[in-house]
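Just below is one structure, and these are the notes that go with it.
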Amino acid sequence: MSEHSISSVPPTPTGPAPRRRGGETLRRLLGNPLGLTAVVLLGVIAVAVLLADVIAPFDPNYADIRNILSTPDLEHPLGTDGGGRDILSRLLVGGQTTLLAALLCAGVAIVVGLPTGMLAGYYGGLVDGAGAWVTNIVLALPGMIVLLAVRAAVGPSVWVSMIAFGLILSPGFFRLARTAVRSVRSELYIDAAKVSGLSDARILRRHVLSVVRAPLIIQGALVCGVAIAVQSGLEFLGLGDSAVPTWGVMLNEGFRSMYDAPLNLFFPVLAIALATSALVLLGNALRDALDDPTGPGSGGARAAAAAAVAERRRAGADEPDSSTGGHLLEVRDLRVGYPQADGTVKEVVSGVSLTLDRGEVLGVVGESGSGKSQTAFSVLGLLPGDALITGGTIRIDDAHTVAPGDTAVDQARLRPLRGKRIGYIPQEPMSNLDPAFSIGYQLVRPMTHLLGISREEAGRRAEDLLRSVGITDPARVMRSFPHEVSGGMAQRVLIAGAISCEPDLVIADEPTTALDVTVQAEVLDVLRDLQARMGLAVLLVTHNFGVVADLCDRVVVMREGSVVEQGEVRSILREPQEDYTRTLLDAMLADKPGRAKALAAPATPNPSGENLETTR
Amino acid sequence: MKSGRRILSAVLAVAGLLMASGCAAAGASTAPPGVLNIGIVQDVITWDVGQGHNGHRLVAFQPAYDTLIRREPDGTLVPMLATAWDYTDAGRTTMELEIRDGVTFSDGAALDAEAVKANMEHFRTANGPQAVQLADVAEVRVTGPQRLEVELERPNPALEFYLSQAAGMMASPEALGKPETDRTPVGSGPYVMDPARSVAGDRYVFRARPDYWSPDLQQWDEIVLKVLSDSTARVNALISGQIDATQLIPRNTAQAENAGREIVNWDANWAGLLLLDRDGAVAPELADVRVRQAINMAFDRQVAVDGVLNGYGTPTSQVFGEASTAYDPALDDYYPYDPQRARELLAEAGYPDGFTMTLPLPASMNENIPFIAQPLADIGITARITTVPPQNSQAELGSARYPAAYFQIFQGPTWVAVEQLLVPETLYNPFRSEDPELTAILDRIRTADPDDVEAPREMARYVTEQAWFAPWARMGVTNAVDPDKVRMEPQIGQAVPSIYNYHPVG
Amino acid sequence: MLPFLIRRLASGAVVLVAVCCLAFLLLFFSTDDVAVNILGEQATPEQIAAKNAELGLDQPLLQRLADWWVAVLSGDFGSSWFNNETVVGALAARLPVTLTVVAVAILAIGVLATTLGMTAAVRRGWADRAVQTGAAIGDALPSFMIGLILVSIFVVALPWFPAVSVIAPGSGVSAWVASLTLPMIALLINGVAASAQQVRGAVLTQLSRDHVRTLRSRGLPEREILFRHVLRSAAPAGLTVLSLQFIGMLSAVVVLEQVFALPGVGTLAVQATTTGDLPLVMGVVAYTTVIVVVVNLLVDLANGWLNPKVRVA
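Protein chains in written order, with UniProt numbering: chain A, 1 to 616; chain B, 1 to 506; chain C, 1 to 313.
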């Protein structure tokens, strides 16, 4: 799980993998013990094989037929095979053919798959359709059978087999290139390049190649590994060219004298195992280095950083708690951080304090990255797994959910509160319902679990709840799956879910941001209505002062993890003390002139139609 | 959906027993006494007598099919289904056979002269791999209920031998040509196949036939032929007791002996090079007899015998073996190992710098590569070796694309060897080489008494001098048995013993 | 659901036809020596010509392809050229062996990979690192090499298992277990590694989805969220991985059967292609492709069933 997924920033569209600088990738790769092992192994193998002609003590086919199956000695460091040939020399020289053939295979797969995939991705339509069709057929081919047939048709040449196998593997590259090009194509800079008159070929070359380069290396390494395996398999079956020393041919010979001279089997097994493992490890490590910043390579430093924080927190555990007490929710000097690969801890919340009482609506306002959502998730106890509470406390009903000295939320304390005492309304309605379950199930299940009521009763209550959030046909909605309802409807369902077990506190994380403006107002109405009816305390996280003005009693303004100012909504709207608050307000006014009227209008938030009108 | 159920039960069983299986698996053979398990090297591709073959495949047919003539372990031909036979004319073109009375086939049909005639005609028309055995037959005439005459277009000194081989195997006339005989043999032999327990390509189970006409030849209650084409698999199966007898490759013999198995060895094949392109069609160098002789001198035959055959073999320069009247012990060391002289011969022939030739080699024989290529390299000849699948090796060898080839070939009686190696029609003579002097000798052998040794020995000497081949050795056959269970009697001129040569111990 | 099914079936059929035609084309070039292989060393040119005519090898390629299709569509896959065993019979005798090995291995991989992948994704930490490292190593060794290593240990050094298959018709469960355990383990070691890695990825992806956080906020037990919601959403990815593994195994088992001398389809395929036994090879190709198409179809159907969008449509 990565930390962006919980930030209030809408997820970036699935584009090309974030490009990193080559040096950074290399550093990550070598920092990973597996990656380092792979690189060193491949390096050793490559050098040994490249220098085979120099370092091999014998011609690989020179047979001292009067000295067969000899054990390792000074003259033959790995012994001789059944024909008196030097095993070391055969391994070294055989490696040339084996590895070159594997490279050929990967080369063919790339040369065939990459350009076709790029064309298919770039032009789409018929080209794409034809490519996909051929790809499906090739993927359905029983690969080994095809290679057997090729062997029967054209003879035992390892080169021919590997060209054929390269063709069989080319769909992998086709798909890779196609996906990459499609995502790049949808990006602006291609359009811009098009406008500036670059030819298609140059666009593809310049922009797309840079995107697919890294995945290409990963896939290429994996393909080389597979090619060595398959090539050795064919030769093991006796279908290779025994006259050309390769690792697979040696494997075949070694298998026959497995009992008399197990070393004859051992050395080629070792060579193949090392080479394929190194290639696969390299591919995996490279992928980790590119994609997964929490990969094994940086685990140590992160763990150390986390341990240091824990140590510091323990040391300060008996610091006096400046809590005032008596609040429903009290957050005191809360600090939240994430350990980094370099051993530091990056703080996203830096000393936030706020309180919330029963029936009160508190707005937390700030831009993306201000730490407002992190604060909310700390209260809910739903921070990502690697998050650390680096300071402060949280108390609900005067009981600690984050006690002094804790580096994580006390789940044992929070778990019984969630759903029953604390409800949660998420930002993005469609992604917050499980698409695989009906809406009815998702509403009913928490009630049967938490309230211990029967499914029938829970069903009736769910229908009532849906009605209370303004859904006119609850039975139909209950039967529906999430993809069958609109976003506004889904958000009403989520609100119903949040209050289904009658919590005292609801945490609403940008509850209207993802909705279109008409629906926004309706949903705000529902929220306001419920809050009033049920006497809920609401912690409302938003970037929108208009929403704050609509709903909130008090407001906390956050910036870069800290509280800028807080107070009564009316006073802050009228007389903001801080420049930052003013900037936020100005931005809102500039953006949404309609909302200005609502702000200018005094006091009680105005329900009913007027807001609808103004935001239209 | 029988197989479906089998899969399911196997799946369940395997899943359940995965952990406990370790000990249960060992010592798999729980065969009752009287069961002979033989590991056979090649699968039986059909049980149709018309497709009968020699060597391994001949022996696989023997449980089910009797032959007209039986060949004793020492090569003597004795009555079996034919009680008597002889040529009725001086030119040796008409043979009369007396057929045993009272023999029935496993389907109940009786053996009579008509049945024999039907079999011979089926053999001649079935286009089988040994069709050559009756190729000289002009007509088969039934002259009595149990008597018939075979008339030849020209004399064939090997006819009697062939009647102890594939051509002599008799199937029920009811079954001849029926597609079912591809999978199930119907013969008069000592055993009957149990189709329910047999799987094509894997194992063939034969049960002793009640009331068999010659109980002496029926020594087992049951014979199981298990197909094991991989040599390592055979030795493993022998050691673990899954099979009681099989043929090993020389390299595996020590392992078998260490496990208490007995190696029964005799020479039955020859191994070495066939110098096929004697007219120089694809390799002009080979047209010069000195080049062929030089190749013969390149090999230290004892090294090859030790290296490839683990010592199970006898170095020789001739292709004829002890089963043949052509065999002449004096020719065994006709070409001594003399690379110096070989280079001189090459230089005399005009190739002081040697030359390059391409040889096909079955993948299954690839351990021979160093022993072929290195000695040739030592006298300046570069041998390019092309690996071919074992199943295609004969076709490749006979394709006239290769000037020479390494192979291992069975050593039969004289005329069999002649038809196999020397006549222009044979696969082993793909360039159709002919030599007037040799043809004259062959013509004399054709009409001579089969026991006469003078012309055959002249032929052997001539072929060796002309270096049509570069043999390495007569090859041991390295059969192996479990001596506590089986006594194996060697069979001269045959790589594996006839089924009658497996005797129960105790 | 029905149009979806029909569409998938149609595309499966197209793939099948295309693959069979391609294979036929390839094999056409390897049938030169068939007659000689069948007839042996002393065949005369007349015999060979007669054999070629008998097998239809004197016909032009398209004619032969058309003949094959006509026969196959009427249910006749023909007989082996070398032993007149019917193609269907040959496959029926060998498929149980191969499919047992592959199916049991796939089932075991499914269970193990799910367990390991889930553990790694949920626990992270050392469990995660262990699974990832194990995956990389297991994935790196081809199954036949693992087979070779298993043979050298459990057959050669410790003779716990028979060296060659003891499976015969009517042979009991113990023979199947004895013969198939090691090859299954070889496939398992190779496959479980990669699959666990993929399951881990799929579970991590699912765990990071918004609705999982919302489910947690509703107070549902973690166990229920993992097994009912996360596992279910990760299942399509897992099934796809397993189907790819399955297809890969059909190739891997060809070599593996040789290591263990198993009388399976792989052995049949090697033997048939090297002899140029066209009807048998075509049978193997057709059956394998059908299996691949069917497995893909089943996975599509399962994924469709798991995905309400497709299910309802």
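C-beta atoms are modelled at their ideal positions from N, C-alpha and C, and glycine is treated no differently.
Length of the line joining the Cα atoms of residue i and residue j
{"i": "C:Q245", "j": "A:Y259", "result": "33 Å"}
{"i": "C:A13", "j": "A:Q231", "result": "31 Å"}
{"i": "B:R154", "j": "B:A90", "result": "12 Å"}
{"i": "B:A237", "j": "B:I243", "result": "6 Å"}
{"i": "B:G380", "j": "B:D353", "result": "6 Å"}
{"i": "A:N32", "j": "C:A108", "result": "31 Å"}
{"i": "C:R223", "j": "A:A306", "result": "26 Å"}
{"i": "A:S454", "j": "A:G487", "result": "29 Å"}
{"i": "A:L41", "j": "A:A273", "result": "11 Å"}
{"i": "A:L46", "j": "A:R151", "result": "Residue 46 of chain A is actually Ala in this sequence, not Leu. So the alpha carbons of these two residues sit roughly 28 Å apart."}
Limits of the alpha helix (DSSP H) - the one that residue i falls within
{"i": "B:F320", "result": "Note, B:F320: premise wrong, no alpha helix (DSSP H); not H, not E."}
{"i": "A:R413", "result": "411-414"}
{"i": "A:H449", "result": "439-450"}
{"i": "B:A455", "result": "454-466"}
{"i": "C:V255", "result": "231-259"}
Secondary structure of residue i, DSSP reduced to three states
{"i": "A:F174", "result": "helix"}
{"i": "C:Q197", "result": "helix"}
{"i": "C:V284", "result": "helix"}
{"i": "A:I68", "result": "coil"}
{"i": "B:V117", "result": "Correcting the residue type first, residue 117 of chain B is Lys in the shown sequence and not Val. Of the three classes helix, strand and coil, the one that applies to B:K117 here is helix, per DSSP."}
{"i": "B:A131", "result": "helix"}
{"i": "B:F410", "result": "strand"}
{"i": "A:T355", "result": "strand"}
{"i": "B:T325", "result": "coil"}
{"i": "B:E434", "result": "coil"}
{"i": "A:K420", "result": "coil"}
{"i": "A:V547", "result": "helix"}
{"i": "A:S350", "result": "strand"}
{"i": "A:Y62", "result": "coil"}
Proximity of residue i and residue j at Cβ, strictly below 8 Å
{"i": "residue 330 of chain C", "j": "C:F82", "result": "Chain C is shown from 1 up to 313; residue 330 of chain C falls before or after that span and cannot be answered."}
{"i": "C:V281", "j": "C:A269", "result": "yes"}
{"i": "A:A164", "j": "A:V212", "result": "no"}
{"i": "B:I295", "j": "B:L276", "result": "no"}
{"i": "A:T390", "j": "A:G337", "result": "yes"}
{"i": "B:A405", "j": "B:M357", "result": "no"}
{"i": "A:I572", "j": "A:A498", "result": "no"}
{"i": "A:L263", "j": "A:G79", "result": "yes"}
First and last residue of the uninterrupted beta strand (DSSP E) at residue i
{"i": "B:M475", "result": "469-476"}
{"i": "A:Q566", "result": "562-568"}
{"i": "B:E151", "result": "147-152"}
{"i": "A:Y338", "result": "329-339"}
{"i": "B:Y191", "result": "191-193"}
{"i": "B:V418", "result": "Unbroken run through B:V418: none, as it is neither H nor E."}
{"i": "B:G272", "result": "267-275"}
{"i": "B:E139", "result": "137-144"}
>> Restricting to runs no shorter than 4 residues, where is the alpha helix (DSSP H) found entirely within the stretch 39-124 of chain C?
In response: 45-55, 61-73, 87-123
> Where in the stretch 87-163 of chain A do unbroken runs of the alpha helix (DSSP H), each at least 4 residues long, occur, reported from the N-terminal end onward?
Replying inline: 87-123, 125-140, 143-154
> Curious, which full-length beta strand (DSSP E) runs of at least 3 residues does the stretch 87-111 of chain B contain?
Replying inline: 94-99
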